[in-house]
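*Asks:*
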Amino acid sequence: MILTREEEAMLLGEEGEAVKLAMEILVMEGDKFGAKRLVPVTSAHIVLAMYKSIFEAGVEVCEKFAAMGAKFRVPTTLDPSGMDTENWRAFKTPDEYAEKQLRIQAAYEKMGAIMSWTCLPHFMGSMPRFGEHVGWTESSAVAFINSVLGARSNRETAVIDICIGLTGRTPEYGLHLTESRYGQVAVVMDIGDRELKSWEYPVLGYFLGKELGSLIGVVDGLTGSPKMDELKSMMAAAAASGPLALVHLVGITPEARVRQDAFGPNKPIRVITVTEETLKKTRAEMCTVKGGRIDLVAVGCPHYSIAEIQNLNRLVAGRKVAANTEFWVYTTKQVRDLAERMGYYRALAEVGVKIATETCMLISPIETWGFKTLMTDSGKCAYYAPMQCGTDVIFGSTEECVEAAISGRV
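For the sequence shown, the residue numbers in the working numbering are 573 to 982.
1. Return the first residue and the last residue of the alpha helix (DSSP H) that Met947 is part of.
2. I'd like the span of the beta strand (DSSP E) that includes Val650, first residue to last.
3. Going by the DSSP bridge assignment, what does Glu898 pair with across the sheet?
4. Between which two residues does the alpha helix (DSSP H) holding Gly737 run?
5. By DSSP, does His748 sit in helix, in strand, or in coil?
6. What are the start and end residues of the beta strand (DSSP E) that includes Asp762?
7. When you compare only the Cα positions, how much space is there between Gln756 and Ala895?
8. What does the Cβ neighbour count give for Pro666, buried or exposed, with the cut at 16 atoms within 10 Å?
9. Taking C-beta to C-beta, are Ala870 and Leu920 nearer than 8 Å?
10. Going by other Cβ atoms of all chains shown within 10 Å of its Cβ, with 16 needed for buried, is Phe967 buried or exposed?
11. Please go through the same chain and pick out, in chain order, the residues whose beta-carbon is closer than 6 Å to the beta-carbon of Ser877, but skip the five residues on each side of it.
12. Can you tell me whether Met699 is buried or exposed? The criterion is at least 16 other CB atoms within 10 Å of its CB, across all chains shown.
13. Just reading off the beta strand (DSSP E) that Ser791 is part of, what are its end residues?
14. Quick check: the Cα distance between Ser719 and Ser625, rounded to an integer number of angstroms?
15. Please tell me whether Asp733 and Glu930 are closer than 8 Å, where the distance is taken between their beta carbons.
16. Between Pro774 and Trp708, what straight-line distance do the alpha-carbon atoms span, to the nearest angstrom?
17. Name the one or two DSSP bridge partners that Ala616 has.
18. Our contact map puts Gly789 next to Gly814 with C-beta atoms below 8 Å; I'd like the distance itself, whole angstroms only.
19. Do you know offhand how far Gly764's Cα is from Lys782's?
20. Below 8 Å on the Cβ atoms is my guess for Ala828 versus Leu821; work out the distance and round it to an integer in Å.
21. Taking Val731 as the reference, give the member of Ile927, Leu593, Val974, Thr897 with the closest Cα.
22. To the nearest angstrom, report how far apart Ile938 and Ser711 are at their CA atoms.
23. Can you check which of these residues, Glu580, Ala639, Met640, Phe663, is closest to Ile935 by C-alpha distance?
24. Determine the direct distance from the alpha carbon of Val791 to that of Thr970, and round the result to whole angstroms.
25. What distance in whole Å lies between the Cβ atoms of Ala808 and Gly951, which are believed to be in contact at a cut-off of 8 Å?
26. Taking the DSSP output, what are the residues bridged to Arg609?
27. One question on the structure: do His875 and Thr904 come within less than 8 Å of each other, judged by their Cβ atoms?
28. Please list, in chain order, all residues of the same chain as Glu744 whose beta carbon is under 6 Å from its beta carbon, the five residues on each side excluded.
29. Would you decide whether Asn659 is buried or exposed? Buried here means 16 or more other CB atoms lie within 10 Å of its CB.
30. Apply the 10 Å Cβ neighbour rule to Asp867 and answer buried if 16 or more other Cβ atoms are within range, or exposed otherwise.
31. In this structure, does DSSP put His694 in helix, strand or coil?
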């Protein structure tokens, strides 16, 4: 791999031991994947941020880099914390767990990270442009910026993300290369002329993630103009159920104005047809049980927007959450502050809805509550909850989640 003089200086330790270590790791990664060079990035996003996922080894990595004097070279944001950063005790977070999470936080503060604590850095001020190279690890964000914005990032891994932030470089392979971004599989929407309902976007994403794997699909036949929140939910589900990092949506993806743009010189190696039955069957697969008592309704994976909170407030409409059911909404501090200013925070609290900030149900220790069945409107949560939360899961629309919270049952 050919390095610039500046990169060689980093590798030789002229910018400190932390940058030297980071560059050594990136060079090894680049050699492994056959990269010819490193490419400058405009931002990094770190998934190595929550104790529930990284454990002691992850804490040690963060603290080691911080102790070496590491400072991020490009704007570097953080994935959600492993607990509500302000009210962690209210959500029964054990003190020992919180102590580890606070150590992670202190290390990143020392390194100069942007303390965003969200899976949506692109919705919180770190929006890459079409064709821009970034180094991000959050799978749902990577799928979104590649597929909706036309920015370029591989699904980077923990530790590599820190190295990218410290050097402002990432190996140029995979989705950083134009020839690696062309479509491979044709996905034909065969559901008539109708637009997808909001809850069907994560269902479609879930299906595509399982069916496409690491292949790049080209979805033709989506009608209407999907909202950003719908595309957000779709990409999160697709990146959870499989290793998907890019899917071309004809007429939406900047590189897919028409079908042929998306495929470029490629011919489809396979054709997948999505029918009404496909969506129905996939939704059933997203549930581990069909009904019964609901212990927890959890929404906001990815984090809820103010529009989604506004809609939730309308759906609840002054009714009360059932006595033996918890209803939690996950979002950012910025959106929570907007909800407070607009009166939604108080209105939701009065009916029993709790808003948690800068974390989510998957990476916080909700097992301390002893929940048995969780309901969600998130395809990503539906995929991970049985493993991460130790619960059965029921996927439904936001409207169905509200009704389940009010009645305590499905």
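Idealized CB from N, CA, C, for every residue including glycine.
*Replies:* Inspection of the coordinates gives the following:
1. Position 375 of the sequence shown, counted from the first residue, corresponds to residue 947. Met947 -> not in any alpha helix (DSSP H); beta strand (DSSP E) instead, spanning 945 to 948.
2. Here the question's residue 650 lines up with position 78 in the sequence shown. For the sequence presented, residue 650 should be read as Leu rather than Val. Residues 648 to 650.
3. Within the sequence shown, residue 898 is the residue found at index 326, counting from 1. Answer is Leu868, bridged to Glu898.
4. The residue given as residue 737 occupies position 165 in the sequence shown. 732 to 739 is the extent of the alpha helix (DSSP H) around Gly737.
5. Stepping through the sequence shown from its first residue, residue 748 is reached at position 176. It is helical.
6. The residue given as residue 762 occupies position 190 in the sequence shown. Unbroken beta strand (DSSP E) run through Asp762: 757 to 762.
7. Counting from one through the sequence shown, the residue named residue 756 turns up at place 184. Counting from one through the sequence shown, the residue named residue 895 turns up at place 323. Those two C-alpha atoms are separated by around 50 Å.
8. For this step, residue 666 is matched to residue 94 along the sequence shown. Pro666 comes out exposed.
9. Locating residue 870 in the sequence shown gives position 298, where the first residue counts as 1. Locating residue 920 in the sequence shown gives position 348, where the first residue counts as 1. Contact: no.
10. As a working mapping, residue 967 is identified with position 395 in the sequence shown. Under this definition Phe967 is a buried residue.
11. Reading the sequence shown from its first residue, position 305 is the one you call residue 877. Once the five neighbours on either side are set aside, the close Cβ partners of Ser877 are Asp801.
12. Start at 1 with the first residue of the sequence shown, and residue 699 comes out as number 127. Classification for Met699: exposed.
13. Here residue 791 refers to the residue found at position 219 of the sequence shown. Per the sequence shown, the amino acid found at residue 791 is Val instead of Ser. That run of the beta strand (DSSP E) goes 789 to 792.
14. The residue labelled residue 719 in the question sits at position 147 within the sequence shown. The residue labelled residue 625 in the question sits at position 53 within the sequence shown. Distance between the alpha carbons of Ser719 and Ser625: 26 Å.
15. Here the question's residue 733 lines up with position 161 in the sequence shown. Here the question's residue 930 lines up with position 358 in the sequence shown. No, Cβ-Cβ distance for Asp733 and Glu930 is not below 8 Å.
16. As a position in the sequence shown, residue 774 is number 202, starting the count at 1. As a position in the sequence shown, residue 708 is number 136, starting the count at 1. Rounded to the nearest angstrom, the two C-alpha atoms are 22 Å apart.
17. Here residue 616 corresponds to residue number 44 of the sequence shown, with the count starting at 1. Bridge partners of Ala616: Thr648, Gly707.
18. Counted from its first residue, the sequence shown places residue 789 at position 217. Counted from its first residue, the sequence shown places residue 814 at position 242. Not really, about 10 Å apart at Cβ, beyond 8 Å.
19. Along the sequence shown, read from residue 1 onward, the residue named residue 764 stands at position 192. Along the sequence shown, read from residue 1 onward, the residue named residue 782 stands at position 210. Taking the straight line from one Cα to the other gives about 23 Å.
20. Mapped onto the sequence shown, residue 828 falls at position 256. Mapped onto the sequence shown, residue 821 falls at position 249. Contact flag correct, Cβ pair sits at about 6 Å.
21. Taking the first residue of the sequence shown as position 1, residue 731 is located at position 159. Nearest of Ile927, Leu593, Val974, Thr897 to Val731, Cα basis: Leu593.
22. Sequence index remark: in the sequence shown, residue 938 carries index 366 (1-based). Sequence index remark: in the sequence shown, residue 711 carries index 139 (1-based). Rounded to the nearest angstrom, the two C-alpha atoms are 22 Å apart.
23. In the sequence shown, residue 935 corresponds to position 363, counting from 1. That would be Phe663, whose Cα lies nearest to the Cα of Ile935.
24. In the sequence shown, residue 970 corresponds to position 398, counting from 1. In the sequence shown, residue 791 corresponds to position 219, counting from 1. Looking at the two C-alpha atoms, the distance is approximately 25 Å.
25. One-based indexing of the sequence shown puts residue 951 at position 379. One-based indexing of the sequence shown puts residue 808 at position 236. Their Cβ separation, rounded to whole angstroms, is 7 Å, which keeps Gly951 and Ala808 in contact under 8 Å.
26. Here the question's residue 609 lines up with position 37 in the sequence shown. DSSP output for Arg609 lists Ile574 as bridge partner(s).
27. The count along the sequence shown starts at 1 and reaches residue 875 at position 303. The count along the sequence shown starts at 1 and reaches residue 904 at position 332. Yes. Within cutoff.
28. Numbered from 1 along the sequence shown, position 172 holds the residue referred to as residue 744. Ala607, Arg609, Val611, listed in sequence order.
29. As a working mapping, residue 659 is identified with position 87 in the sequence shown. The residue in question, Asn659, is exposed, as its Cβ has fewer than 16 Cβ neighbours within 10 Å.
30. Residue numbering aside, residue 867 sits at position 295 when the sequence shown is read from its first letter. Result: buried.
31. Counting from one through the sequence shown, the residue named residue 694 turns up at place 122. Correct three-state label for His694: helix.
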